[in-house]
Structure formats: structure tokens, C-alpha cells
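**Student:** For the sequence shown, numbering that gives the first Met the number 0 begins at 0 and goes up steadily by one.
Take this structure first; my questions come after.
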Amino acid sequence: MPKIHYFQRYSSKENAITNNTLQLLGRIYSYSPLKASQFLTDLTGESIEIGIEINQQERGDGAVPDGQVIQRSFKVLIEAKVDTSPDIEQLIRHSETFSKKDEHNILLLLTKEPLEDHKKSEIKSRIPEIKFNSITYKDICEVSKTLFEKHEEEMHALVDDYEEYCNDTGLFDQSKQLMRIVPCGYTLEINKKYGIYFNPSDRGYTKHRFVGIYKDKTVSAIWKIDSIFDVAYKGDNLKKTLIEGRNTDDYDDNLIAIIMSVEEELGWDITEGTRFFCGKPVETNYKKSSSGGIQGARFMNLQKVVGNDCDKLDIAEIAEALKSKQWE
Numbered sequence: 000m001p002k003i004h005y006f007q008r009y010s011s012k013e014n015a016i017t018n019n020t021l022q023l024l025g026r027i028y029s030y031s032p033l034k035a036s037q038f039l040t041d042l043t044g045e046s047i048e049i050g051i052e053i054n055q056q057e058r059g060d061g062a063v064p065d066g067q068v069i070q071r072s073f074k075v076l077i078e079a080k081v082d083t084s085p086d087i088e089q090l091i092r093h094s095e096t097f098s099k100k101d102e103h104n105i106l107l108l109l110t111k112e113p114l115e116d117h118k119k120s121e122i123k124s125r126i127p128e129i130k131f132n133s134i135t136y137k138d139i140c141e142v143s144k145t146l147f148e149k150h151e152e153e154m155h156a157l158v159d160d161y162e163e164y165c166n167d168t169g170l171f172d173q174s175k176q177l178m179r180i181v182p183c184g185y186t187l188e189i190n191k192k193y194g195i196y197f198n199p200s201d202r203g204y205t206k207h208r209f210v211g212i213y214k215d216k217t218v219s220a221i222w223k224i225d226s227i228f229d230v231a232y233k234g235d236n237l238k239k240t241l242i243e244g245r246n247t248d249d250y251d252d253n254l255i256a257i258i259m260s261v262e263e264e265l266g267w268d269i270t271e272g273t274r275f276f277c278g279k280p281v282e283t284n285y286k287k288s289s290s291g292g293i294q295g296a297r298f299m300n301l302q303k304v305v306g307n308d309c310d311k312l313d314i315a316e317i318a319e320a321l322k323s324k325q326w327e
């Protein structure tokens, strides 16, 4: 079944990206104003207090009221850029819309790449009365991940989907470090034997470089994806459509063999409408430490797991490093 997303993928226009980002903030606020306050504080670099403050018998100027209810005022304006450079003059015009009545006036620029220091300095010098900060979409993902405890699973799913959305729409590219852990069940030994994982062609997935095949709370083999094909096989005719990677015939024998093995051993017909992720498998032993299995694919950032640049490690080194690691 295709995965249901929190954030729509059908447009990469700036207004859709801004809408999804604001939806993330809105969902966090609905869940916990305190978490939303921390989120905005981390993003803006200013102390943002959301919600009312209630105090009893706090001394004022010459008087001690029995109680007080305070609503802190702030305004955060967000300018989101995707494929165009920030327009400094536009940002200056935005700053003119702030009111001096607000306790905090913050202009937040959101971009794919970090803003150059000299541009940041110029903007700050031209609007000294306004707090200005520049962040990236990756910063939003990193900050939002720190907000929730392990047991807050629904919010982690929300944040993960926003991160996948950013990756899918090219707001930042983490695909070179991503391993897709896929539950294989009956097909694990076949997948491992041929170095090919398969799923329906119409099933959406986040772009990734590595596959890890999983069963019984263990990833027992991984490979770096060399080629992804949609395949139709009828009679002796193998028709491949390259989706991503290297256009090669090196996997033809294994593609035919896995199609036939799946039909003979399991009775499944994968002769068409199937996508194949091909590579050279390497044994590992990457265990899931938390209780329960997984119902669908999980994505793991290997950069964070193995602590090295994945591009500088061969697949055998990554597989070996995973043997001493665990995941939840």
C-alpha cells in the first residue's frame, strides 16, 4: 500500500513549500505550545514565549496586584526561497511592515543553502531594529528532531515525513547517506542471493543510495544501489526501463533468476509492474534493539550511524561498522 504522507508532494513551488513548513509548525503548536515555543526559539535565535503567563502577587511599580495574566507579543515574518537568490531589497521592504508595539520583531529567511556571511551582515546593518536570522530547510529538520522524546511516535513520524518531503523535493539532498531498511519476510534469502530487492513500480519511496534487507529484527545484508529498473519479462524477452543509476545489462541474469525463483517458490507473479533495486550484497548484522518488528520500510541516515563520510567508505566497511551498532 502506498504510504500516506502528512505533507503533499505535488508541487515544488515556493508557496507549497512555505505551506508545508507552516503546517509543520502548526502541527507542533497543536500538539504542544511549549514545543512550538522551543522550535521558534531555536530557529530564530530569540527567546519566543507562546501562550499566556499567569503570576500571583507579583510586585509592580508601587503596587502588588493579586494576579496577572500576560500574553507576550511577537511577530515572525518568513521569506522562503527555493531556486532563486534572496532579494535583499525585498527583505528590507518586509521589515517595514513590523510594528513597534510587538516585543519581538523577527525576520526569518528560509533557503536551501546557508546565506553568505557578507549578505547576512548587510541585511542586519540595514535593519538594526529588527532581529534577522537565516536558516535552511535542513536546519528545520534538525531542530524539529530534537523536540520530542522517543515515546512521542506520532510527532516523530510527522518530522520524518517533513524531512522526506524536503529530500523528495530537492530542498536538501540526504539520499547519498540514506539506507532504506525493507522488511522481506518470505523473500529474504532470494533477495540476498541475487542482490535485488523489488516492490511494485507504483509504490512511492524516498530517494536513497543503500538497501538493507530485514527479517526477525535484523538487517542481515546491505548493498549500494547500482541500478534501479522497471522490468517486464515475457517468455525470454526481458524489457528494462532505467529509473535511476547505471544503465547496464550486468543484472539481466539475476533479474530473470529472481523473477523465476519468486514464482516457483512463492507463486508470486512479478513479471511486470515491478521495480528492482540492484547491487552487490554484503553480509552484516544490524540489530533492532527495541521491541516489536517493523511494518513498512524505515530510513536510516548512515552518516549518523557509522560516523564517517559514506562516500569515503566501501560497502564492506559500512557493513562491518553496522555489526557493532543497534537501532530502534
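For glycine and all other residues, C-beta sits at the position ideal for the given N, C-alpha and C.
Return the CA-CA distance between Asn18 and Thr168, expressed in angstroms with no decimal places.
**Tutor:** 14 Å
**Student:** Give me the Cα-Cα distance between Gly248 and Cys140, rounded to the nearest whole angstrom.
**Tutor:** Just to set this straight, residue 248 is Asp in the shown sequence, not Gly. Between the alpha carbons of Asp248 and Cys140 lies a distance of about 39 Å.
**Student:** Is it true that the CB of Phe131 sits closer than 8 Å to the CB of Lys328?
**Tutor:** Lying outside 0 to 327, the shown extent of the chain, residue 328 is not represented and no answer is given.
**Student:** Please name the residue, chosen from Leu39, Lys223, Tyr136, that lies closest to Leu170 on a Cα-to-Cα basis.
**Tutor:** For the set Leu39, Lys223, Tyr136, the Cα lying nearest the Cα of Leu170 is the one of Tyr136.
**Student:** Among the candidates Pro199, Glu52, Ile53, Ser219, whose CA atom is the shortest distance from the CA of Pro280?
**Tutor:** Ser219
**Student:** Whose C-alpha, out of Lys111, Glu102, Gln89, is nearest the C-alpha of Arg125?
**Tutor:** Gln89
**Student:** Are the CB atoms of Arg245 and His207 nearer to each other than 8 Å?
**Tutor:** no
**Student:** Going by beta carbon distance, what residues of the same chain come within less than 6 Å of Asn190, once the five residues before and after it are set aside?
**Tutor:** Cys183, Tyr196, Ile212
**Student:** Please go through the same chain and pick out, in chain order, the residues whose beta-carbon is closer than 7 Å to the beta-carbon of Ser172, but skip the five residues on each side of it.
**Tutor:** Correcting the residue type first, residue 172 is Asp in the shown sequence and not Ser. Excluding residues within five positions, the ones whose Cβ falls inside 7 Å are Asn166.
**Student:** Can you say whether Gln176 is buried or exposed, counting buried as having 16 or more other CB atoms within 10 angstroms of its CB?
**Tutor:** buried
**Student:** Counting along the chain, where does the beta strand (DSSP E) carrying His103 start and finish?
**Tutor:** Where His103 is concerned, the enclosing beta strand (DSSP E) stretches over 103-110.
**Student:** Leu42: buried (16+ other C-beta within 10 angstroms of its C-beta) or exposed?
**Tutor:** buried
**Student:** Between which two residues does the beta strand (DSSP E) containing Gly66 stretch?
**Tutor:** 66-70
**Student:** By alpha-carbon positions, which one of Asp215, Ile221, Asn198, Thr217 ends up nearest to Phe228?
**Tutor:** Measuring from the Cα of Phe228, the nearest candidate turns out to be Asn198.
**Student:** Could you tell me the boundaries of the beta strand (DSSP E) in which Lys34 lies?
**Tutor:** Segment 32-43 is the alpha helix (DSSP H) holding Lys34; no beta strand (DSSP E) there.
**Student:** Which same chain residues, not among the five before or five after Gln22, have their C-beta less than 8 Å away from its C-beta?
**Tutor:** Tyr5, Phe6
**Student:** Considering only the beta carbon of each residue, do Val142 and Phe38 sit closer than 8 Å?
**Tutor:** Using a Cβ distance threshold of 8 Å, Val142 and Phe38 count as a contacting pair.
**Student:** May I ask whether a heavy atom of the ligand PLP can be found less than 7 Å away from the beta carbon of Pro113?
**Tutor:** Absence of the ligand PLP from the depicted structure is noted, as is the absence of any ligand whatsoever, leaving it without description.
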